[in-house]
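Novice:
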Amino acid sequence: MKEITRRTFLKTAAGVGVSAAAAGVLGGFAAASQEPDAITGATVNPEETDVSGLPDFLKAPDPIPDSAIRSSIDADVVVVGCGLSGLMAARSAAEAGASVVVLEKSNSYNYRSGQYGICNSSIQMARGMGFDGSAAVGDLMKEMGYRPDQRLWNYWRDHSGEAFDWLLEPAGENVDVIDMYAKTYDSSRITICTVHWPKPEAYDPAVEFSPTYPAATLTFIPDQGSILELNYQRCLSLGVDFRFATWAKQLIRPDNQGRVEGVIGQDGEGYIRVNARKGVIMAAGDYASNEAMVRYFCGGRTYPTMFTSRDANGNVTNIGEGQCMGAWVGAKIEDGPHAPMTHTLGGALGVDPYLLLNSDGRRFCNEDVAGQQISSQLYRQKGAYGWSIFDDDYPDQVEQMPCSHGSVNHILPAEDVPNLAGAVMTIGRSAITSREAVSRSCYTANTIQELAAKLYSDPAAQLNMIKAVERYNALVHMGTDIDYNKSAKRLFPIEKAPFYATRISAGSMLVCLGGLSVDPDSMNVVDEDMNPIQGLYAVGNNMGGRILQDYPVTIAGASHGTCLTFGYLVGKKCALS
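Under our numbering, the first residue of the sequence shown is numbered 1497, with each subsequent residue one higher.
Have a look at this one:
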């Protein structure tokens, strides 16, 4: 018997039950109806898989017949999804002269926060924030186990600055740049904060165990809503046809051969066919709320999620239909392990690498790593949390801490700590805090024994903590961490009362990163044999090759930076194909 692989199964399934009337349309998330629906996901177990071993979400559903389609429209480019990457792709394609239709199941475009990892934009270069992009890419690749496609990251290195400048074009001169110490901003203008800049003078990524590049990160204050609204208005002026409250259901690829010809969508009145003369750009987002997909692609476990975007029916939008619709017509979902974005922002002193103890009072890792890696360790501890322990000399120590995603580097008087009214951005600005804020957020005690009693009800755990602090202090005085190899420059004794403890929990999952593999030259999505599928593109969290294994906090805002850069590129590529 011929072995059934994922590729042969998908190709076989594609040809089953496809009528002439269906014109080769494959897949869909529900049978044809007049009401939009959502994926609920599938439980991966032997009863719900066939001989191929594939879970339900990878099996192509019945095609939607032509008789169920109420209308048809034509466009050069169809964009599925209108988050950051979809909006950028739509604008870029329209500026290249294409007619563009955008299908989005929410009532508007979507976005969150506003942090961008960018290499050498005009703003950065004007402020002395240039950095070694090649070194940054090398560190990104190492942090992700060298699993992504470095050609894509090299493109980010060379073109993300140009893309960011392009993003700002609709704002004209109405842009302000503030640094991390700013206390006010003009809410009528587009405001960008340089977060961890100026960086601590002693910080050098070249000598760090877990290097980061603070000059790479630019953050919109209070979030990116204002700049995206300007880009949305630019799209409208270019004639982009936004179809909100419209669900993409199936890609059109006759017999799973040749080019992708369009999309079947569904709105409140029924199904529509959108024909794409140039191509379809998948920008439908991630799949963190599809438990079956997370288990299947991320090693069999799930994570608590934190997601706010909803479709027009009130359902979460990050359920993986872009990845699945691509797979149903023969596209390759990139090899795993995929990357849950679970970076913790730590406790009262962020993720600064003080002594970290688990729920049994024991030390368990090198604390001198960034928030994503700390999360990876915390998820492997009972209760998925730890206690960060430090003494009263911490204000003199934070300047020596890493300049990373969620670190604290400055202790200022409370009245001098920046607090921009209405600004929701906290990542990066947490680099500054006050003694008062730390005291409010910590357990404190005058002896280690007293602090242990506050943290642990179990006497054995209390004793473990006391011994762990004693051992840690001995390593500090030796000048070397022979247990976990923490950098000697961040070995600070825990000897001066009062003593502090702040709880650090593993981060919630913001998105789960894993998409459709793409050809770095054409930017077409590829099939299981790595051959480009003409007319099919992917950007944002539908695009593979960017982020794998773990989300890299080497550059804060790396996901937004690549969503922007490749949305800008792929929109033009598709329009000019």
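By construction, the Cβ of each residue, glycine as well, lies at the ideal position given by its N, Cα and C atoms.
(1) Count the CB pairs spanning the region 1570–1577 and the region 1675–1684 that are closer than 8 Å, and state whether there are at least three.
(2) Which of the three DSSP states, helix, strand or coil, is assigned to Pro-1914?
(3) Please look up how many angstroms separate the CB atoms of Met-1802 and Leu-2006, rounded, as I've assumed it's under 8 Å.
(4) When we look at the beta-carbon of Gln-1819 and count the other beta-carbons within 10 Å, is it buried (16 or more) or exposed?
(5) Buried or exposed for Met-1778, going by 16 or more other Cβ atoms inside 10 Å?
(6) Looking at C-alpha atoms only, which residue of Lys-1992, Ala-1949, Ser-1618 and Asp-1892 is the closest neighbour of His-1655?
(7) Taking the alpha carbon of Tyr-1605 as the reference point, which residue from Gly-1764, Ser-1785, Asp-1807 and Asp-2017 has its own alpha carbon closest?
(8) Under 8 Å, with one C-beta from each stretch per pair, do the region 1985–2003 and the region 1820–1827 reach the 3-pair mark?
(9) Going by beta-carbon coordinates alone, are Cys-2008 and His-1692 separated by less than 7 Å?
(10) Taking 8 Å as the limit between beta carbons, can you name the residues of its chain near Thr-1838, skipping five residues before and five after?
(11) Does the region 2015–2023 come close enough to the region 1959–1968 to have 3 or more Cβ pairs within less than 8 Å?
(12) Span of the alpha helix (DSSP H) holding Tyr-2033?
(13) Ignore the nearest five residues each way along the sequence and tell me which others in Gly-1657's own chain have a CB closer than 8 Å to its CB.
(14) Go through its chain and collect everything with a Cβ distance to Lys-1992's Cβ below 6 Å, but skip five positions before and after it.
(15) Count the other CB atoms, across all protein chains shown, that sit within 10 Å of the CB of Asp-1700; report buried if there are 16 or more and exposed otherwise.
(16) Reducing DSSP to helix, strand and coil, say where Arg-1859 ends up.
(17) Can you pull the DSSP bridge partners for Asp-2046?
(18) Pull up the distance between the alpha-carbon of Asp-1831 and that of Val-1972, whole angstroms please.
(19) Just to confirm the assignment: which complete beta strand (DSSP E) runs, minimum length 3, are found wholly within the region 1812–1897?
(20) Looking at the secondary structure, which residues open and close the alpha helix (DSSP H) in which Phe-2062 lies?
(21) Considering only DSSP beta bridges, list what Leu-1714 is partnered with.
(22) In terms of alpha-carbon separation, which member of Tyr-1980, Asn-1981, Met-1974 and Asp-1979 lies closest to Pro-1989?
(23) From this set, Leu-1734, Arg-1769 and Gly-1577, which residue's C-alpha is nearest Ala-1592's C-alpha?
(24) Identify whether Gln-1720 lies in helix, strand or coil by the three-state DSSP scheme.
(25) Specify, as a first and last residue, the run of the beta strand (DSSP E) that Glu-1600 falls within.
(26) Return the bridge partner residues of Asp-1763 from the DSSP annotation.
(27) Expressed to the nearest angstrom, what Euclidean distance is found between the alpha-carbon atoms of Pro-1849 and Ala-1957?
(28) Quick one: using the 10 Å Cβ neighbour count with 16 as the cut-off for buried, is Gly-1761 buried or exposed?
Specialist: Concretely, from the data shown:
(1) no
(2) Here the question's residue 1914 lines up with position 418 in the sequence shown. The answer is coil: DSSP assigns Pro-1914 none of H, G, I, E or B.
(3) Within the sequence shown, the letter at position 306 stands for residue 1802. Within the sequence shown, the letter at position 510 stands for residue 2006. Their Cβ separation, rounded to whole angstroms, is 6 Å, which keeps Met-1802 and Leu-2006 in contact under 8 Å.
(4) The count along the sequence shown starts at 1 and reaches residue 1819 at position 323. Buried, because 16 or more other Cβ atoms sit within 10 Å of the Cβ of Gln-1819.
(5) Working through the sequence shown from its first residue, we reach residue 1778 at position 282. With 16 or more Cβ atoms within 10 Å of its Cβ, Met-1778 is classed as buried.
(6) Along the sequence shown, read from residue 1 onward, the residue named residue 1655 stands at position 159. Looking at the Cα atoms, Ser-1618 is the closest of the given residues.
(7) By one-based count along the sequence shown, residue 1605 stands at place 109. Answer by Cα proximity: Asp-1807.
(8) no
(9) As a position in the sequence shown, residue 2008 is number 512, starting the count at 1. As a position in the sequence shown, residue 1692 is number 196, starting the count at 1. No, the pair does not count as a contact, with Cβ atoms beyond the cut-off.
(10) Taking the sequence shown and counting its residues from 1, one reaches residue 1838 at position 342. If we look at Thr-1838 and ignore the five residues flanking it on each side, its Cβ neighbours are Tyr-1799, Gln-1868, Ser-1871, Ser-1872, Tyr-1875, Ala-2002, Gly-2003, Ser-2004, Met-2005, Leu-2006 and Tyr-2047.
(11) no
(12) In the sequence shown, the residue the question calls residue 2033 occupies position 537. Per DSSP, Tyr-2033 belongs to no alpha helix (DSSP H); it is in the beta strand (DSSP E), 2028–2034.
(13) Along the sequence shown, one-based indexing puts residue 1657 at 161. Excluding residues within five positions, the ones whose Cβ falls inside 8 Å are Ile-1614, Cys-1615, Asn-1616, Ser-1617, Ser-1618, Gln-1620 and Met-1621.
(14) For the purposes of this step, residue 1992 is taken as residue 496 along the sequence shown, with counting starting at 1. Excluding residues within five positions, the ones whose Cβ falls inside 6 Å are Asp-1887, Asp-1888 and Asp-1889.
(15) Position 204 of the sequence shown, counted from the first residue, corresponds to residue 1700. Flag for Asp-1700 reads exposed.
(16) Translated into positions along the sequence shown, residue 1859 becomes position 363. Strand, per DSSP.
(17) The sequence position of residue 2046 within the sequence shown is 550, counting from 1. DSSP, once it has assigned bridges, lists no residue as partnering Asp-2046.
(18) Looking up residue 1831 in the sequence shown gives position 335. Looking up residue 1972 in the sequence shown gives position 476. The straight-line gap from Cα to Cα measures roughly 43 Å.
(19) 1851–1853 and 1881–1886
(20) One-based indexing of the sequence shown puts residue 2062 at position 566. Note, Phe-2062: alpha helix (DSSP H), 2054–2071.
(21) On the sequence shown, position 218 is the one that residue 1714 refers to. Per DSSP, Tyr-1612.
(22) Sequence index remark: in the sequence shown, residue 1989 carries index 493 (1-based). The shortest C-alpha separation from Pro-1989 is found at Met-1974.
(23) For this step, residue 1592 is matched to residue 96 along the sequence shown. Here the closest residue by C-alpha is Leu-1734.
(24) Counted from its first residue, the sequence shown places residue 1720 at position 224. Reduced to three states, the DSSP call for Gln-1720 is coil.
(25) In the sequence shown, residue 1600 corresponds to position 104, counting from 1. First-last of the beta strand (DSSP E) with Glu-1600: 1596–1600.
(26) Mapped onto the sequence shown, residue 1763 falls at position 267. Per DSSP, Gly-1766.
(27) Reading the sequence shown from its first residue, position 353 is the one you call residue 1849. Reading the sequence shown from its first residue, position 461 is the one you call residue 1957. Roughly 21 Å between the two C-alpha positions.
(28) In the sequence shown, the residue the question calls residue 1761 occupies position 265. Under this definition Gly-1761 is a buried residue.
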